[in-house]
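Notes follow the structure.
Protein chains in written order, with my numbering: chain R, 1 to 68; chain H, 1001 to 1320.
Written out as structure tokens, the structure reads:
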């Protein structure tokens, strides 16, 4: 039986980043796209937007249908 | 604004998010805020005419930066259906979305535990019927995950690994298996049809899973919830709770305003598994948390896990 500490080292969590500030979230206007660069995560395309009240909105779309 | 208060008598945090009193409650079909925003239709939370999976900051958050997060995960643009009726591909994609959110939220200084969950059915307090789940980023390790870490300490090994091995050896409470997950009603389940879906290999979190394991996790979860729905031939309410390793770095100072928790030492433990708590004990009877459960903290069960497992296993087999 393996102990969890043997197999998990926090990896990407080892260096934490600050929480987003309210100011950074306060862009106004129609839902704006945060970043025009193509972002991928595994089989998904990731589109980041900012809603008109500043809240984050992320759309995930499958882009590897040929491999599904 | 939200406020955490420490309940000394219980040794636990209580979250006050009084703005949630005003949150959208069972809107009419044509005013669902989780639908896409269609031309000529009312605005919704997702200002696009179509989407596959959407995640957004909860308008009525229980936690918010710089003391946590609350997100909504919309599984599909379709208002009808459920996690069970998603295509296998969409369910698999959802595992990747969970993984992405775990990675990003867990990397924040103010989040020590990323909790992915779904409430299904008005019986467990659902306020929107559109297929969706939620994610809370807690600024502390909540009591239930902390108890699981304490179980690791008590057993001297990974508790989910040990318990899964015992269930596989016994076999009577198993309800479903595939190459990556084992699903069973625990030996000491609280709920009649409580099921834990556990990764066979020790995986602390979704980040540690191979792509094939994510696919099989999605398949195992869908097999279970399909089985739930045919068990009593009705939509089966449940709370689905994804338990993973805490995301505290162990380097952040606890010398802040929050009182200390009566929890085990913060450390990187955990074993990815998904727990389901369905309140139904028969097709038309709910299990209520009453005197013994609330006042004494001791569940009284009307059913034996071994007997519930037989009927649930048969139901899952009928649809798998």
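Idealized CB from N, CA, C, for every residue including glycine.
Residue 1009 of chain H burial status per 10 Å Cβ neighbour count (16 or more: buried)
Residue mapping note: residue 1009 of chain H aligns to position 9 of the second chain, counting from 1. Result: exposed.
Would residue 1043 of chain H be called buried (16 or more neighbouring beta carbons within 10 Å of its own) or exposed?
Against the second chain, residue 1043 of chain H aligns to sequence position 43. Exposed, by the Cβ-count rule.
What residue range does the beta strand (DSSP E) around residue 40 of chain R cover?
Locating residue 40 of chain R in the first chain gives position 40, where the first residue counts as 1. Looking at the DSSP string, the run of the beta strand (DSSP E) that includes residue 40 of chain R is 39 to 41.
Mark residue 1260 of chain H as exposed unless 16 or more other C-beta atoms lie within 10 angstroms of its C-beta, in which case mark it buried.
Along the second chain, read from residue 1 onward, the residue named residue 1260 of chain H stands at position 260. The pLDDT assigned to residue 1260 of chain H is 38, lower than 50, so where the model puts this residue is not dependable, and the model offers no usable value.
Skipping 5 residues on each side, what residues in its chain have a beta carbon closer than 6 Å to that of residue 1239 of chain H?
The sequence position of residue 1239 of chain H within the second chain is 239, counting from 1. Once the five neighbours on either side are set aside, the close Cβ partners of residue 1239 of chain H are 1119, 1124, 1277.
Cα separation between residue 1312 of chain H and residue 21 of chain R?
Numbered from its first residue, the second chain carries residue 1312 of chain H at position 312. Numbered from its first residue, the first chain carries residue 21 of chain R at position 21. Taking the straight line from one Cα to the other gives about 47 Å.
Shorter than 8 Å from the beta carbon of residue 32 of chain R to some beta carbon of chain H?
On the first chain, residue 32 of chain R is found 32 positions in, with the first residue counted as 1. Cβ-Cβ to chain H under 8 Å: no for residue 32 of chain R.
Starting from the C-beta of residue 6 of chain R, find all residues in its chain whose C-beta is less than 7 Å away, skip the five residues before and the five after it, and write them out in chain order.
Counting from 1 along the first chain, the entry for residue 6 of chain R is found at position 6. Because residue 6 of chain R carries a pLDDT of 40, less than 50, the predicted location of this residue cannot be relied on, and no value is offered for it.
Separation of residue 1060 of chain H from residue 1020 of chain H, as counted between CA atoms
Translated into the one-based positions of the second chain, residue 1020 of chain H becomes position 20. Translated into the one-based positions of the second chain, residue 1060 of chain H becomes position 60. Those two C-alpha atoms are separated by around 5 Å.
Strictly below 9 Å CB to CB, what residues from chain R border residue 1055 of chain H?
Taking the second chain and counting its residues from 1, one reaches residue 1055 of chain H at position 55. The contacting residues are 56, 57, 58, 59, 60.
Given that a residue counts as buried once 16 or more other Cβ atoms are within 10 Å of its Cβ, and exposed if not, what is residue 1288 of chain H?
Within the second chain, the letter at position 288 stands for residue 1288 of chain H. Under this definition residue 1288 of chain H is an exposed residue.
Cutoff 8 Å: residue 17 of chain R Cβ touching any chain H Cβ:
Working through the first chain from its first residue, we reach residue 17 of chain R at position 17. Interface residue, yes.
Starting from residue 1217 of chain H and walking both ways along the alpha helix (DSSP H), at which residues does that stretch end?
Residue numbering aside, residue 1217 of chain H sits at position 217 when the second chain is read from its first letter. Where residue 1217 of chain H is concerned, the enclosing alpha helix (DSSP H) stretches over 1211 to 1231.
For residue 1128 of chain H versus residue 1034 of chain H, is the C-beta spacing smaller than 8 Å?
Mapped onto the second chain, residue 1128 of chain H falls at position 128. Mapped onto the second chain, residue 1034 of chain H falls at position 34. Yes, the pair counts as a contact, with Cβ atoms nearer than the cut-off.
Residue interval of the alpha helix (DSSP H) (run including residue 1163 of chain H)
For the purposes of this step, residue 1163 of chain H is taken as the residue at position 163 of the second chain. Unbroken alpha helix (DSSP H) run through residue 1163 of chain H: 1159 to 1170.
With residue 1190 of chain H as the anchor, note down where its beta strand (DSSP E) starts and where it stops.
Counting from one through the second chain, the residue named residue 1190 of chain H turns up at place 190. Element bounds for residue 1190 of chain H: n/a, residue is neither H nor E.
Buried or exposed: which applies to residue 1141 of chain H, given that a residue is buried once 16 or more other Cβ atoms fall within 10 Å of its Cβ?
Here residue 1141 of chain H is taken as the residue at index 141 of the second chain, counted from 1. The residue is buried, with at least 16 neighbouring Cβ atoms inside 10 Å.
For residue 1244 of chain H, does the count of other Cβ atoms within 10 angstroms reach 16, so buried, or fall short, so exposed?
Mapped onto the second chain, residue 1244 of chain H falls at position 244. So residue 1244 of chain H counts as buried.
With 16 as the cutoff for other CB atoms within 10 Å, does residue 1173 of chain H come out buried or exposed?
For the purposes of this step, residue 1173 of chain H is taken as the residue at position 173 of the second chain. With 16 or more other Cβ atoms within 10 Å, it is buried.
CA-to-CA distance, residue 1233 of chain H to residue 1219 of chain H, given in whole angstroms:
Looking up residue 1219 of chain H in the second chain gives position 219. Looking up residue 1233 of chain H in the second chain gives position 233. So the two alpha carbons sit approximately 21 Å from each other.
Any C-beta of chain R sitting closer than 8 Å to the C-beta of residue 1170 of chain H?
Along the second chain, one-based indexing puts residue 1170 of chain H at 170. So no, residue 1170 of chain H is outside the interface.
Is the beta carbon of residue 1176 of chain H less than 8 Å from the beta carbon of residue 1186 of chain H?
Translated into the one-based positions of the second chain, residue 1176 of chain H becomes position 176. Translated into the one-based positions of the second chain, residue 1186 of chain H becomes position 186. No; because the gap between Cβ atoms is not below 8 Å, this pair is not in contact.
Drop a sphere of 10 angstroms on the beta-carbon of residue 1133 of chain H, count the other beta-carbons inside from all chains shown, and report buried for 16 or more, exposed for fewer.
Taking the first residue of the second chain as position 1, residue 1133 of chain H is located at position 133. Looking at its Cβ environment, which holds 16 or more other Cβ atoms inside 10 Å, residue 1133 of chain H is buried.
Do residue 48 of chain R and residue 33 of chain R have their C-beta atoms closer together than 8 Å?
Residue mapping note: residue 48 of chain R aligns to position 48 of the first chain, counting from 1. Residue mapping note: residue 33 of chain R aligns to position 33 of the first chain, counting from 1. Contact: yes.
Ends of the beta strand (DSSP E) at residue 1133 of chain H?
Working through the second chain from its first residue, we reach residue 1133 of chain H at position 133. Taken as a continuous stretch (DSSP letters only), the beta strand (DSSP E) holding residue 1133 of chain H covers 1132 to 1138.
Alpha-carbon spacing of residue 1093 of chain H relative to residue 60 of chain R, whole angstroms:
Here residue 1093 of chain H is taken as the residue at index 93 of the second chain, counted from 1. Here residue 60 of chain R is taken as the residue at index 60 of the first chain, counted from 1. Rounded to whole angstroms, residue 1093 of chain H to residue 60 of chain R spans 9 Å at the Cα level.
For chain R, find out if any of its Cβ atoms is closer than 8 Å to the Cβ of residue 1013 of chain H; answer yes or no.
In the second chain, counting from the first residue as 1, residue 1013 of chain H sits at position 13. By this cut-off, residue 1013 of chain H is not an interface position.
Rounded to whole angstroms, what's the CA-CA distance from residue 1189 of chain H to residue 1207 of chain H? Just pull it up for me.
Taking the first residue of the second chain as position 1, residue 1189 of chain H is located at position 189. Taking the first residue of the second chain as position 1, residue 1207 of chain H is located at position 207. Those two C-alpha atoms are separated by around 28 Å.
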